[in-house]
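Participant: Sequence order for the protein chains is A and B. Okay, so the first sequence: first residue is 1 according to this note's numbering, each after it adds one. Okay, so the second sequence: first residue is 1001 according to this note's numbering, each after it adds one.
2 protein chains.
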Amino acid sequence: MKIGELANATATNVETVRYYEKISLLAPPARSASNYRSYSNEHLARLSFIRRARDLGFALEAVRELLTLSDDTGQSCEAVDQIASAHLAEVERKIDDLSALRSELTRVIGSCRHGTIADCKIIESLAPTPQLKGAAQ
Amino acid sequence: MKIGELANATATNVETVRYYEKISLLAPPARSASNYRSYSNEHLARLSFIRRARDLGFALEAVRELLTLSDDTGQSCEAVDQIASAHLAEVERKIDDLSALRSELTRVIGSCRHGTIADCKIIESLAPTPQLKGAAQ
DNA sequence: CTTGACCCTGTAGTTGCTACAGGGTGTAGA
DNA sequence: TCTACACCCTGTAGCAACTACAGGGTCAAG
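#1: Quick check on the DSSP output: the alpha helix (DSSP H) that includes D96 (chain A) runs from which residue to which?
#2: Which residues of chain B have a Cβ atom closer than 9 Å to the Cβ of L177 (chain A), listed in chain order?
#3: With 8 Å set as the bound, which would you pick, yes or no: does the beta-carbon of V17 (chain A) sit closer than that to a beta-carbon of chain B?
#4: Name the chain A residues that come within less than 7 Å of L1126 (chain B), Cβ to Cβ?
#5: Between the alpha carbons of L25 (chain A) and N13 (chain A), how many angstroms are there, rounded?
#6: What are the start and end residues of the alpha helix (DSSP H) that includes G4 (chain A)?
#7: Apart from the five residues just before and just after S1032 (chain B), which ones in its own chain have a Cβ nearer than 6 Å to its Cβ?
#8: Go ahead and label G4 (chain A) buried or exposed: buried means 16 or more other beta carbons lie within 10 angstroms of its beta carbon, across all protein chains shown.
#9: Taking 6 Å as the limit between beta carbons, can you name the residues of its chain near A1050 (chain B), skipping five residues before and five after?
#10: When the Cα of T106 (chain A) is compared with those of B:T1116, B:E1061 and B:Q1082, which residue comes out closest?
#11: Beta-carbon separation of G1110 (chain B) and T116 (chain A) under 8 Å?
#12: Could you check how far apart the C-beta atoms of R102 (chain A) and I1095 (chain B) are, in whole angstroms? I think they sit under 8 Å.
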């Protein structure tokens, strides 16, 4: 199949497919007489795997490792579990960070009395020790 | 004060300070005889504002707008409120996305029976229609 | 007078794409 | 047959927000 069909089948951008080939995440396919890329079902399966992993938020380097591991069917899946767990931990860390951010933003926005900038509690909470402004250097 | 002192006072990287100057977020300071940057307290206040806004997750372009607005003390703070609220909405969207991701990852990892890759539920949940593998192209 | 900490400019790297520019190919309709 | 159009090719530059050099200069202490 041609690159456009593959891209379509996996909801991927054509440029992204070529990018994956460039960084050796996807093997270079055969070429037609007119130099068009010609993909096999193996390529389709591989790209689908990549897409699914990306949808789960895995970094490209993690996807690369997962792909390698998935080929080594006899090995224990400990390494896979480890990559996924590390990723989950990272996701949880981000959620915690963003939740703290949300609280703070909600608080700051909630204090806004919708007056002028001079009285704006949002600006105030950003401006540190405003009395310094214009002071000697 | 010199760039190192300013950086220290605001928990910022020296390179980041120069970067902010380059993108015109921070005004170019005076220079010493030996061409060292020499910052005023105004610069300190400005950079502290930037840092605080960045800590709250505002994009640099949003910070730029907030800085401009903060100088216009007579104006209504509606625009400020709007920027902050839009940012909060974005943060909430990200939290939702990550929460969904967490659920899915937890489910996938939880199904792992710690056997071989061939039986690995994590790999399986990434691999789409695995029976296609190696099929004709 | 040398060592070390600091400062300077400018450029390239990071992640994961996306968007051209400037070409070639293939097919369907007038 | 011509031509329009959708698709394909390579290569490079751009995005956010820094970070990390390379290859220099400055300054104070010992």
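Every residue gets a Cβ at the ideal spot worked out from N, C-alpha and C, and that includes glycine. Because the structure is a prediction, the values reported are computed rather than measured.
Facilitator: On the basis of the supplied data:
#1: One-based indexing of the first sequence puts residue 96 (chain A) at position 96. Note, D96 (chain A): alpha helix (DSSP H), E78 to G110.
#2: With chain A covering only 1 through 137, there is no way to say anything about residue 177 (chain A).
#3: What you label residue 17 (chain A) is simply residue 17 of the first sequence in a count that begins at 1. Chain B contact via Cβ: absent.
#4: The residue you call residue 1126 (chain B) lines up with position 126 of the second sequence. What L1126 (chain B) touches in chain A: F49, R52, A53 and L66.
#5: Reading the first sequence from its first residue, position 25 is the one you call residue 25 (chain A). Reading the first sequence from its first residue, position 13 is the one you call residue 13 (chain A). The straight-line gap separating the alpha-carbon atoms of L25 (chain A) and N13 (chain A) is approximately 15 Å.
#6: In the first sequence, residue 4 (chain A) corresponds to position 4, counting from 1. That run of the alpha helix (DSSP H) goes I3 to A9.
#7: The sequence position of residue 1032 (chain B) within the second sequence is 32, counting from 1. Only S1038 meet the Cβ criterion.
#8: On the first sequence, residue 4 (chain A) is found 4 positions in, with the first residue counted as 1. Residue burial annotation: G4 (chain A) is exposed, with fewer than 16 other C-beta atoms found within 10 angstroms of its C-beta.
#9: If you number the second sequence from 1, residue 1050 (chain B) lands on position 50. Inspection of the sequence shows that residue 1050 (chain B) is occupied by Ile rather than by Ala. Within the same chain, I1050 (chain B) has close Cβ partners V1063.
#10: As a first step, residue 106 (chain A) is located in the first sequence; it is residue number 106 there, counting from the start. The shortest CA-to-CA distance from T106 (chain A) to any of B:T1116, B:E1061 and B:Q1082 is the one to B:Q1082.
#11: Translated into positions along the second sequence, residue 1110 (chain B) becomes position 110. Translated into positions along the first sequence, residue 116 (chain A) becomes position 116. Going by C-beta atoms, G1110 (chain B) is not nearer than 8 Å to T116 (chain A).
#12: Working through the first sequence from its first residue, we reach residue 102 (chain A) at position 102. Working through the second sequence from its first residue, we reach residue 1095 (chain B) at position 95. 7 Å between Cβ atoms; contact.
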